[in-house]
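Following: one structure in structure tokens, then a few remarks.
Protein chains: 2
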Amino acid sequence: MDPEHLPVINNYLDANEPASSEARLSRMHFHDNQRKVDYVLAYHYRKRGAHLGHGSPGHSLAVISNGETGKERHGGGPGDIELGPLDALEEERREQRDEFEHNLMAAGLELEKDLEMYEIKAGGSIAKKFSAILQTLSSPLQPRVPEHSNNRMKNLSYPFSREKMYLYNIQEKDAFFDNATRSRIVHEILKRTACSRANNTMGINSLIANNIYEAAYPLHDGEYDSPGDDMNDRKLLYQEWARYGVFYKFQPIDLIRKYFGEKIGLYFAWLGLYTSFLIPSSVIGVIVFLYGCATIEEDIPSKEMCDHQNAFTMCPLCDKSCDYWNLSSACGTARASHLFDNPATVFFSIFMALWATMFLENWKRLQMRLGYFWDLTGIEEEEERSQEHSRPEYETKVREKLLKESGKSAVQKLEANSPEDDEDDEDKLTWKDRFPGYLMNSVSILFMIALTFSIVFGVIVYRITTAAALSLNKATRSNVRVTVTATAVIINLVVILILDEIYGAVAKWLTKIEVPKTEQTFEERLILKAFLLKFVNAYSPIFYVAFFKGRFVGRPGSYVYVFDGYRMEECAPGGCLMELCIQLSIIMLGKQLIQNNIFEIGVPKLKKLFRKLKDETEPGESDPDHSKRPEQWDLDYSLEPYTGLTPEYMEMIIQFGFVTLFVASFPLAPVFALLNNVIEVRLDAKKFVTELRRPDAVRTKDIGIWFDILSGIGKFSVIINAFVIAVTSDFIPRLVYQYSYSHNGTLHGFVNHTLSFFNVSQLKEGTQPENSQFDQEVQFCRFKDYREPPWAPNPYEFSKQYWSVLSARLAFVIIFQNLVMFLSVLVDWMIPDIPTDISDQIKKEKSLLVDFFLKEEHEKVKLADEPAQRSQGGGNRSRRSRAASSAPSGRSQPGSIASSGSQHTNV
Amino acid sequence: MDPEHLPVINNYLDANEPASSEARLSRMHFHDNQRKVDYVLAYHYRKRGAHLGHGSPGHSLAVISNGETGKERHGGGPGDIELGPLDALEEERREQRDEFEHNLMAAGLELEKDLEMYEIKAGGSIAKKFSAILQTLSSPLQPRVPEHSNNRMKNLSYPFSREKMYLYNIQEKDAFFDNATRSRIVHEILKRTACSRANNTMGINSLIANNIYEAAYPLHDGEYDSPGDDMNDRKLLYQEWARYGVFYKFQPIDLIRKYFGEKIGLYFAWLGLYTSFLIPSSVIGVIVFLYGCATIEEDIPSKEMCDHQNAFTMCPLCDKSCDYWNLSSACGTARASHLFDNPATVFFSIFMALWATMFLENWKRLQMRLGYFWDLTGIEEEEERSQEHSRPEYETKVREKLLKESGKSAVQKLEANSPEDDEDDEDKLTWKDRFPGYLMNSVSILFMIALTFSIVFGVIVYRITTAAALSLNKATRSNVRVTVTATAVIINLVVILILDEIYGAVAKWLTKIEVPKTEQTFEERLILKAFLLKFVNAYSPIFYVAFFKGRFVGRPGSYVYVFDGYRMEECAPGGCLMELCIQLSIIMLGKQLIQNNIFEIGVPKLKKLFRKLKDETEPGESDPDHSKRPEQWDLDYSLEPYTGLTPEYMEMIIQFGFVTLFVASFPLAPVFALLNNVIEVRLDAKKFVTELRRPDAVRTKDIGIWFDILSGIGKFSVIINAFVIAVTSDFIPRLVYQYSYSHNGTLHGFVNHTLSFFNVSQLKEGTQPENSQFDQEVQFCRFKDYREPPWAPNPYEFSKQYWSVLSARLAFVIIFQNLVMFLSVLVDWMIPDIPTDISDQIKKEKSLLVDFFLKEEHEKVKLADEPAQRSQGGGNRSRRSRAASSAPSGRSQPGSIASSGSQHTNV
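Listed in order, the protein sequences are those of chains A and D.
Using the working numbering, read the first sequence as starting at 1 and increasing by one per residue.
Using the working numbering, read the second sequence as starting at 908 and increasing by one per residue.
Given below as structure tokens:
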């Protein structure tokens, strides 16, 4: 505590500053340059004008301003009338802060005030330059990718207990807990410290929600783009992970976890595993596509369609303005759809269903492995305890209810003896209290889904009407289909992108209305709602094309009309699969490109630019020495706050849907997903390292509800793929033709077989083609369906072929679904959830620990006469943490653990 | 330690005995009448004849005989030549015992020798009459059903730690751990004590396997049928649980758990839940059946079939000897099958699929609840540790391998440098070592399954040939079908029962060949194999009737022949469902009745009788005072050893299959299962209380692999029921007829619609009925199939109706399966695995514990100056155990815990 740094309050204006900034570490430390900063609290404070001299400006805790921004937002209303109540509020908040901070110090934390910020520090007075040591150690040892704890060496660890402190391998008191653990400890205390003045709320989250503080965050480790050679974790992460230049490298997962905590570490581990799993599926997808390309010349049906010799005269595609047409004119789409509609796709979609299972199983294993190396195996209790904290909004609501109840019950109790069993319900929200919220939720979600559907229907109507309009004009008639399909898909894409953002906000709003009790339920419900809405939004046009388009057309002579004169749209002659493929590729690619480029890169850049511009235009009260190097907490304050991983996961999950759900119709989906993800990993990394405030290091041992959603999509994809192959593609009709109807066992004649006859004279009056320019006399036209010919006893009824093909399709669905489900269960069963080496390790470690404690017990019994040798400790470290056993020092290789373990067993 | 009991060695012959037997408690105690007996070890010891005076008869540890039986078995070979090596073996074993027992005492156990037995006692010298107190306390308080710990009161518990002994509410040092815990502690020590002389084997299990000891078991609490008023847990269990007279009562689960341990407690809890879940399904099943009875008169198809007016002339059922027949003659079966084949069964099978899910979910919840009240929540580690113990057979095999390897590698090392990485594999069995076992397993299982199938096929052949033979004889012709079906089913039943026993033995043998490493893998693999074999055995005839019978018949004019002249069998005109129903009911009822009565009641009775007879016929060396009251350990020794719960679970799982898999065809299955289980509960209870030695109290927190099997059956049942309804029953054809073909929307004309025409003149030469006595000229006969009529362009091909009905059937399967699966997932998701009250309780308890420890920590810091106040303890109790917190004394109600918890939070 040298006196040079005592005037912390106006430190920001102090000219002495440069002297201390020589030691770069000071930016991460208290002004005594010794105690490390673990956490930062920020709050707004309106600077008082000269006209308002009351309050307590000399009070040691109330002299805080957040600089420009703070002034900005509140400076808008400078009237005296408004200032009065605002000041009262300000005073109230100040007092609440006072109490809260007092409680924090009582809990063992150390605070330091800054003109800008407070710094909070976990107890323990002698601070050491831990990170400096780590840096100097790690930079030469791990030159490129730092693999501190990755090298299969693991220290024996045990939940930290102050009582047994003498057991741990504490070489350095301040380096014993790493930065993330330190800030987690502080965050835990912040969460648990009560503030009775603020309605007895618990913890910093409530205080932030009530605007008493503005932000609370731990510090970044330093600058990521500092020019010097000095290394910190952040810079290391930037150089080795958060740049596009290193896209080919593995992610330094352990360093990510160390810096950002387990939750974010698990996200990137998951993303990495997913991306690497996309590689084999991309390869096979490309092979399937190439197989389609290679066999395109051998495909008999498309050859038959393109053959001008056996010309099929097709019925007109619209009333009046459309003419009869020759099937060979649709040769192009027929050939194109063979690229995606060939037997290889069937095997590919079985493969992808198993791939999804394998991926999930391997994720479980990786999760276990990471959980083991990160010491997360016994974390349940902690998680459960953190679940207990009610959200501030919930507390407010309960308080409101209690107030209302107390008024009512006072009345009630006068009138009659109110039943006793009500009391239990008074301090929590019952079903009755929640009913309006739930009702609102259900109604809104149903409304949103209906909205999505009606937009899809709107696009259909757009397609039908535009197609009809364009058909009237001869010039545009030739490429009607392409124009209409392309514009419609782009409309769909734009609508999806807009609704995606809206639905995200709506889901948040709805979840707030619901007032879930804890942060975890809040997050889960938000995710479920957002997923439901975004899933419906992204996939409903695709489901329409896959399963409904062209199935309600009717038949020549009795078409189905949407509106007067507008027939339901048909599929292209090559089948709907081609269209599905176009739809999928445009929506998937468009969504990824636009969301990545605009929302993830563009918008943050714009925000930054905007803020910078604002800063420059309003220099206002900027201090004279504004150009001096700002403190780390100022730099961090200027970053975007961290708002959770939900959007990142959501994007990937929707992509996972594209990769699995319709893979039968678009085998190239994995390739595009892979290309996107290679960029996505670095994009997210960059965001976390350079653009966001450092997030609280949250300990969690799994990815929570996302795993359930993933496995749900995986299961759903089986039935969807079964239906795509059976119903949308021509795979089954071809098989049936080949083995039941073909004369020589080949597909020759298949096209003829799928086309029914229609007697042109039976066309309804007014629907015949006007000015037919077809070159031959037409008596029968053909249409794609299995119906009885005009000369049969019951013309135009579904024929026997129709029913037999339908049976085959349905049988295929049953077989495919049950086979794939069985194989998935088998894969699930065969791959153990816990990798063998890890479970062996855990066992060994456990028996080693037992032996270790038994030995210690023995020694203690021996030494029972010499009492009180071990009243060490103090401070505030009774949390669980990683700790090294002092027993087998220097021999931490698995092998040596095993051998020493078996030795101990016999002791 | 009164001197009266010092000559323990010949206690059995001691005339002083009656003096001590006045105090009945002494039968449960050491001969000092103070220390409680926790465990018994038994071994055979050949009494030396006078001619063999060597050895060391005066040795203090070697004077043990198991009385009659011991003599019996070894007395067969009294030759001197044989006795020599036998004695050497005996001596060897004695030395091994000596060492083992010495090690046991070193581990803190106390042993006492008996002429018959050793008694082992957990450390702690001052023994108290714990059970007596419990008895005197419990008998007046819980007069009928003892609910000691059932009354929703729960003490705060925490894994016992000797270090914090001062924290626990130890009122009485010997009553602190209950009997089950005491014997578990002893068993744990027995399992871990090494015996270097016996090839360094670990634990009592290996020693028993090597015949060094004969048995090891804890003592029963006393006699269950003692006439007096004195109560012990066993007697209580007998009176309130293990009698048929109390079949209507709930099971005293907590007492069962206390007496038999958690594993057996969980079995009975599971059985109880299953039985109570059968009640609603029985009720609904009966309602469905009654609905069938009530609507039988309104069923149009069966009325049409019975109507003599519109007579359908059916084609003959066999070649030559069978005549044309009138459909109305099959009226009876048609009416009967309506009882089971009506729309209500569809809803019932949906209900039962959801019922299975509900049952499993509720079991998970009950398991959690019991786990909480029984303090099993943190048991994983313990389980994992117990997995580590290798089975003796595995150790032997590894030793053999090592011996072989060492010989080989000595040679190898001379020849070349053997690779180093081999070393890891030497101390465990590799894939190569296991290959013969695995191969043997696969081959045997395939052979067994093939055997089952061929027996089923044999029964089919029996049916076909017998039917043909009986048809030749006019006298028997009238009731051919009944005779054949009934005899065939009985043959099936007998075969199933015999193979069931054989397959049980085969599965055990195969698993032994496999040499699994640990007891747990042994049990799991045995269960899987036995389940697979028994499942195939029990269900293959049923599957045949449900899905294959009558489907490969061919059609008149081109029948399918099994052998020359023997046609494949057809279903009865009412559909195969009726036959399936008969098959199901006979196999299910027969299996249950016979297995319960003969195998579970009869065989043990016979065994007992046999042993008694043998004892009487060979009085041999029976002691003169044989009539005196035997010690408890003698009584227990004469009981059957406990061999695990596998047969009990297996029986119930197979029954669960009958209840769920084919419930669509036999809605009464739940009723029969319910009736059986009400008896089964008491039967098993009686067995455990009166006929078996007391099992080791095994702690486990779930029912293990059985849950997976149950949920697998539940999932399988969905698709099976879908197919039964769609394919076996007439539900879908009726619907299709009603909505597509019927003229007036009713089922009138359905029977006609399902029958195809056949032109009699096209019957093959030699297959026409000889001596037709049919009363009218037959031109066309009818058969049940959808085929084109003889006058169609392609006669006898499958008609359009066939394909449309098939499509409808398959579509139904898809819809039913996916709907039910979705509903199951929904039910699974909606019912939380942990009951809310329990999870609240756990949370409260946890925070209470944290607060409690924090408070204690504070106090300790305060008292840091006064050292060594708490060096208590000794003994051998560092195991985990239930313990009561001393903090909120007297206020253990959940409510008070909650309130004190929240108080502490603010301290």
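The C-beta atom is built at its ideal place from N, Cα and C for all residues, glycine as well.
- Residue pairing by DSSP places Gly1673/D in no beta bridge whatsoever.
- Close CB contacts of Ile1501/D within its chain, under the 7 angstroms cut and outside five residues either way in sequence, are with Leu1404 (chain order).
- Trp1710, Ser1711, Leu1713, Ser1714, Leu1717, Ala1718, Val1720, Ile1721: these are the residues of the segment 1708–1721 of chain D whose beta carbon lies less than 7 angstroms from some beta carbon of chain A, given in chain order.
- Listed along chain A, the residues sitting closer than 8 angstroms to Ile1626/D by beta-carbon distance are Asn818.
- Around the CB of Ala1699/D, fewer than 16 other CB atoms lie within 10 Å, so the residue is classed as exposed.
- Shortest Cα-Cα distance from Thr767/A to any of Lys508/A, Tyr561/A, Pro604/A involves Tyr561/A.
- Excluding residues up to 5 positions away in sequence, Pro1640, Val1643 lie with their Cβ nearer than 6 angstroms to the Cβ of Val1712/D in the same chain.
- Under the criterion of beta carbons closer than 8 angstroms, Lys529/A and Leu510/A qualify as touching, at roughly 6 angstroms.
- Nearest C-alpha to Pro1448/D among Ile1434/D, Thr1392/D, Asp1471/D, Leu1433/D: Thr1392/D.
- The beta carbon of Ala1414/D lies closer than 7 angstroms to those of Leu1433, Lys1436, Ala1437, Leu1440 in the same chain, with the five residues before and after it left out.
- A direct Cα-to-Cα measurement between Ala538/A and Ala450/A gives close to 14 angstroms.
- Residue contact with chain A for Ser1706/D: present (Cβ-Cβ distance below 9 angstroms to some residue of chain A).
- Asn794/A and Asn752/A have their C-alpha atoms some 20 angstroms from each other.
- Judged by pairs of C-beta atoms under 8 angstroms, the segment 1742–1761 of chain D does not touch the segment 835–843 of chain A, as fewer than three such pairs exist.
- DSSP places Ala1571/D outside both helix and strand once states are collapsed to three, so it counts as coil.
- Per DSSP, Tyr217/A is not a residue of any alpha helix (DSSP H); the beta strand (DSSP E) it occupies stretches across 215–217.
- Excluding sequence positions up to five before and after Leu674/A, its CB lies within less than 7 angstroms of the CB of Thr275, Leu278, Ile279, Ser282, all in the same chain and listed in chain order.
- The Cβ atoms of Gln367/A and Ile703/A lie closer than 9 angstroms to each other.
- With contacts defined as CB atoms closer than 9 angstroms, Glu519/A and Asn205/A qualify as a contacting pair.
- Under the 10 Å beta carbon count, Cys781/A is surrounded by 16 or more other beta carbons and is classified as buried.
- Distance from the CA of Phe1569/D to the CA of Arg463/A, rounded to the nearest whole angstrom, comes to 50 angstroms.
- Lys1498/D has its alpha-carbon roughly 11 angstroms from the corresponding atom of Asn1399/D.
- Arg694/A sits in coil when the DSSP states are folded into three classes, being neither helix nor strand.
- With three or more CB-CB distances shorter than 8 angstroms, the segment 353–361 of chain A counts as touching the segment 257–277 of chain A.
- With a 10 Å radius around the Cβ and a threshold of 16 neighbouring Cβ atoms, Trp1338/D comes out exposed.
- Per DSSP, the continuous beta strand (DSSP E) segment holding Leu41/A begins and ends at 39–42.
- Within the same chain, and ignoring the five residues on either side of Gln583/A in sequence, the residues whose Cβ sits closer than 6 angstroms to its Cβ are Val489, Ile542, Val545.
- Taken through DSSP and simplified to helix, strand or coil, Arg234/A comes out as helix.
- Note on geometry: alpha-carbon atoms of Glu240/A and Tyr267/A lie some 18 angstroms from one another.
- Within the DSSP secondary-structure output, Cys781/A pairs in a beta bridge with Phe758/A.
- For Phe1219/D, no alpha helix (DSSP H) run applies, since DSSP gives it neither H nor E.
- The residue from Leu1654/D, Asn1348/D, Ser1378/D, Lys1762/D with its alpha-carbon nearest to that of Lys1419/D is Asn1348/D.
- Counting every other CB atom within 10 Å of its CB across the protein chains shown gives Tyr1345/D a total below 16, marking it as exposed.
- Just measuring C-alpha positions, the residue of Arg391/A, Asp323/A, Tyr741/A, Glu859/A sitting nearest Leu429/A is Arg391/A.
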